[in-house]
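If you're matching them up, the sequences are chains A and B in order.
Throughout, the working numbering is defined as the position within the first sequence, counted from one, plus 1401.
Throughout, the working numbering is defined as the position within the second sequence, counted from one, plus 449.
All C-beta atoms in this analysis are idealised placements derived from N, C-alpha and C, irrespective of residue type, glycine included.
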Amino acid sequence: MRPRTYALALSAIATSLFLAVAAANVVIDPVGVFGTNVFPPGSNSNERYLRFSAYQARSDRYDALLFGSSRSQWLPLDDLSRHMAGATLANFGVAYGMLSDHLPVLEYLLRHQAPDRKRIREIFLLLDADSFGIRPHNDESLAFALPPALSGEHPARFWWRNLVAIQVQAWRGALKEALDKWRPSQSSGHFPERTRRDVSSRMVATFGAGAARADGLPNPATGTAKAAMLESVTERPGYRRHLELWSRFVSLCREHDIHLLVAVSPLSHATLSGLNRSDLLKAVDDLARLAPVWDFTDAGWVSDDPTMWRDGNHFTMDVGGMIVARVFGDEMPSRWAEFGHFHPQQNVVVDAR
Amino acid sequence: MLFPTPEFIFLFLPAAVLLHFALARWSNGAAVVGTTVASLFFYGWWNPPFVLIPVLSIIANFWLARWIQRTEAGRSRGLMIFGVTANLLVLCYFKYADFLVSIADGHALKPPDVPLALSFTTFVQIAFLVYVHQRRNRVEFDRYALFVAFFPHLIAGPIVRWGSFGKQIGDPERYRVDWNNIALGLTIFIFGLVKKVVIADSLSPHVAQVFGAASRGESVTAFAAWAGCVAFALQVYFDFSGYSDMAVGLGLLFNYRLPINFAAPLRATSISDLWRRWHITLTRLCRDLIYVPLARDRGPLRRWFSLWFTMVAVGVWHGAGWTFVLWGACQGMLLLINQWWRRLRGPRRPTPLGQVIGWILTFGSFAASLALFRAADLDAAWNLISTMGGLGNASIADLHFEADDWMIRNGYVSDLFVRTWFGSAWSMVATIWTLAALVFVLIVPDTMEVTDYREGDAQSDWRRHYGLVAWRPSIASLAVVATIFVVVFVNIGRVSEFFYFQF
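Written out as structure tokens, the structure is:
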């Protein structure tokens, strides 16, 4: 073989490989950022990007915001809107959503709020105490990456990363999902339920291993001594950073005269059993130093009743409805009378770092 | 921008090569300028303002070189010493200032924020000033700028010398496309990629486990300490030699032949041989600039001290901190012991058994000494070294690693065995990876053996005869190299995936 043929063939193979990957990412669009829509949006979509894009497309119609993790999917948005005097709610609830996701959105929206348009006047924030202090997930997967306008990443870099990523399982998953949607008789009513449950099991595993992940180390197995360990969220490496983000979030709301409603999600018995409960209370107290907080963390019988939970992490729509009812002072059924505790603000001095 | 990234491989590299040869059709000087600008762009990608450092450094050193060249021999020596000192001061400012201050005031050492490739460009330019002082050759600015900034050797060497690389830049025959060099260059580049991306990066998290535990003051088992150091020796070899191979391959795409930097050093059967084959361009430079001037025409005591001191300098070159000083001193002591042993033993050839024992001692001592090189501080290094010496007090770990679950569940290894021998910082999977990498080092021929590339070869008879696997442009070679590239490509492009539907 002539060296020229060899070199050109090798270059052609490399180029073809690159083009094939780029084509797969654009056509299959597993995280939904290219908007090619050849296949229907999959469950691995980059919600951070899509929700932000959706907001930008109609930014003039929103006057309230909802921030939260995947748990916020089970809050009744219509009820929420009604309680907020008919506010049009922009939903920024995203999988693994944490303050490190919410704060950049709020900062951006307030920075780009046009004076002649509707202004943001109310925010409902659903926080997850079990994820306080965990390292943000944005760099772990393209599905969690913040849009460049929020992260400060150069747009070319963002698009390049999405173009050249080899994500075989995501491609396969997106194709399989599309196939399932096109053949509803074989899978209807089954897939969404299964997927949501699976997310939560992954989240349990991830949250439980938070400290190890923060060090960038492989996860130790949980085989022999897990029961003896109760994790303290306030001792996580990122807890201090979490409080700084919280302080900034509260300050921004005050500066812009935004009414902030904060609820801390209920946790299931399964999740609570891995956490130090007195430490959780301390974490909620830390929040309440800066703003009043509704604490649903240790939800009594709700935590223990499996019918109130879609899975180990996600409560049902009934629980979501009761959270909204409690926060807005609706009359509660007698069984729910003890659901949620209000923590008034303990310290009016806001650290405005 | 790093070599093993899609943006480098698919955007920057093709653009730089095409630009070089497109400009060369117009004039060789334009190609030199174009590739210099491309190299500075490559440098600036990391941190644009820092590109001023190599630019100013190139201008200052070129100006000084011209001055040296025009000045009479007696005065030019003073100018050369001034230039060397100035370069070292700049390096000290960025790399060693915090360490030097910490010696004085005892504050905790922080990792220095060193501009990319400063150690390499500094040594390249120091060697250049010495060369100009000795040979008094005239130098053109454009050639000199490319000599220093040429992106293939910028990140991790090899350290180029004006006498070889500078001459190549001035050779007009090198500005025509040479498909032999391109075919060979692509092959060597891909071999380098696989060393770095597939092997070194796979060992990295396992090494981090052991050294991370040691730096936190946790006790590790003796097995884990030894295995961690062996894995690190392999990781650093595959990482560094992979980058060096990539540099050589990239140089060939431009028709420049950069020197070999690694000659299968982990197969060496004596520490002297290892250091003739490890980071060859640095050790030769230190030999020429430190050892020879110190030891010239002196007695054995002075030569021994010079050798030891040169290795301390090699250690300090690698990083700022007492761990690097001690690592260099340790290498110097090992070399002295080896020299005394050779004097004692005489010129007899070692037997096969002697070679095996020599390899075990050489590799073992080198790997063990790397505890100093990799450890975060002296306490962490001592934690590992004392454990390797049997002074550890690790108890049976509570947990085994998730990665070992499969083997334990299927009965290939017992949970108790894993927790007893490997502790909480090492795993069965890490052991298998490390052994596989070690076997690879010992059995699989090195890139430079397979391709028969000999530029700047080591001064030792290190090459084996691998007639069957010798590379030449053929369909079989193409299939093998393309397959390797696919594996590399999957590894560099792979992103962490998280799916709702995965489980």
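Original post:
With a Cβ-Cβ cutoff of 8 Å, do A/F1743 and A/P1667 count as a contact?
Top reply: no
Original post:
In this structure, does DSSP put A/D1699 in helix, strand or coil?
Top reply: coil
**OP:** Output the boundary residues of the alpha helix (DSSP H) element that contains A/L1662.
**Re:** Counting along the chain, A/L1662 falls outside any alpha helix (DSSP H), though it belongs to the beta strand (DSSP E) covering H1660 to V1665.
**OP:** Have a look at A/I1724, A/I1429 and A/M1733 and flag the residue whose alpha-carbon is nearest the alpha-carbon of A/A1575.
**Re:** A/I1429
Subject >> Partner residues on chain A for B/P455, Cβ-Cβ distance less than 8 Å >> reply: F1419, W1561 and V1565
**OP:** Determine whether the Cβ of B/I631 lies closer than 8 Å to any Cβ atom of chain A.
**Re:** yes
**OP:** Leaving out five residues on either side along the sequence, give the residues of the same chain with a beta carbon under 6 Å from the beta carbon of A/S1589.
**Re:** The predicted position of A/S1589 is uncertain, since its pLDDT is 41 and thus under 50; no value can be drawn from it.
Original post:
Grouping DSSP H, G and I as helix and E and B as strand, with all else coil, what is A/E1541?
Top reply: coil
**OP:** Check whether the Cβ of A/P1638 lies closer than 8 Å to any Cβ atom in chain B.
**Re:** So, not an interface residue.
**OP:** Identify the contact partners of A/P1734 in chain B, using a Cβ-Cβ distance below 8 Å as the criterion.
**Re:** The contacting residues do not exist; A/P1734 stays about 33 Å from chain B at best.
Subject >> Counterpart residues of A/G1469 in DSSP-defined beta bridges >> reply: A/G1494
Original post:
From the beta carbon of A/A1579, is the nearest beta carbon of chain B less than 8 Å away?
Top reply: Against chain B, the CB of A/A1579 has no partner CB under 8 Å away; the residue lies outside that interface.
Original post:
If we cut at 8 Å on Cβ distances, does A/L1631 have a partner in chain B?
Top reply: No, A/L1631 does not count as interfacial toward chain B.
Original post:
Between the C-alpha atoms of B/V929 and B/R921, what's the straight-line distance to the nearest angstrom?
Top reply: 12 Å
Original post:
Are any of the Cβ atoms in chain A nearer than 8 Å to that of B/S923?
Top reply: yes
Original post:
Helix, strand or coil: which one does DSSP assign to A/L1528?
Top reply: strand
Subject >> CB contact check: B/F459 to chain A, cutoff 8 Å >> reply: yes
**OP:** Would you kindly check if the distance between the Cβ of A/A1571 and the Cβ of A/P1431 is under 8 Å?
**Re:** yes
**OP:** Would you give the residue range spanned by the alpha helix (DSSP H) that A/F1440 belongs to?
**Re:** That residue, A/F1440, is in no alpha helix (DSSP H); it is neither H nor E in DSSP.
**OP:** Give the secondary structure of A/E1523 by DSSP, where H, G and I count as helix, E and B as strand, and everything else as coil.
**Re:** Strand.
Original post:
Is B/Y575 helix, strand or coil when you go by DSSP?
Top reply: First, the amino acid is wrong: residue 575 of chain B is Ile here, not Tyr. If DSSP states are grouped into helix, strand and coil, B/I575 belongs with the helices.
**OP:** Using alpha carbons as the reference points, say which of A/P1477, A/D1480 and A/N1492 lies closest to A/T1464.
**Re:** Thr is not the amino acid found at residue 1464 of chain A; the sequence shown has Asp there. For A/D1464, the nearest C-alpha among the options comes from A/N1492.
**OP:** Taking B/W628 as the query, report the chain A residues whose CB atoms sit under 9 Å from its CB, ordered along the chain.
**Re:** R1403, P1404, R1405, T1406, Y1407, A1408 and L1409
Original post:
Run through DSSP, which three-state label would A/H1742 get?
Top reply: strand
Subject >> A/M1733, enclosing alpha helix (DSSP H) - first and last residue >> reply: If you look at A/M1733, you'll find it isn't in any alpha helix (DSSP H); DSSP assigns it neither H nor E.
Subject >> Cα-Cα separation between A/A1423 and B/A557, rounded to whole angstroms >> reply: 47 Å
Original post:
B/A649 CB to nearest chain A CB: under 8 Å?
Top reply: Judged by the 8 Å Cβ criterion, B/A649 is not in contact with chain A.
**OP:** Decide yes or no for the touch test of the stretch 1557-1568 of chain A against the stretch 1723-1736 of chain A: beta carbon pairs closer than 8 Å, at least 3 of them.
**Re:** no
Original post:
How about B/D694 and B/G641: do their beta carbons lie closer than 8 Å?
Top reply: yes
Subject >> B/L756 - DSSP class collapsed to helix/strand/coil >> reply: helix
Original post:
Does the stretch 864-874 of chain B touch the stretch 608-627 of chain B, meaning 3 or more C-beta pairs lie closer than 8 Å?
Top reply: Here the stretch 608-627 of chain B does not lie against the stretch 864-874 of chain B, with fewer than 3 beta-carbon pairs under 8 Å apart.
Original post:
To which residues does DSSP link A/W1710 through a beta bridge?
Top reply: A/F1716
**OP:** Kindly provide the ranges of any alpha helix (DSSP H) runs that are 4 or more residues long and lie completely inside the stretch 673-704 of chain B, ordered along the chain.
**Re:** none
**OP:** Using a Cβ cut-off of 8 Å (strictly closer), state whether A/A1425 contacts chain B.
**Re:** It does not: the Cβ of A/A1425 has no partner Cβ on chain B nearer than 8 Å.
**OP:** Could you check what DSSP says for B/F599 in three-state terms: helix, strand or coil?
**Re:** coil
Subject >> Residue interval of the alpha helix (DSSP H) (run including A/M1402) >> reply: Premise fails: A/M1402 is in no alpha helix (DSSP H) and is neither H nor E.
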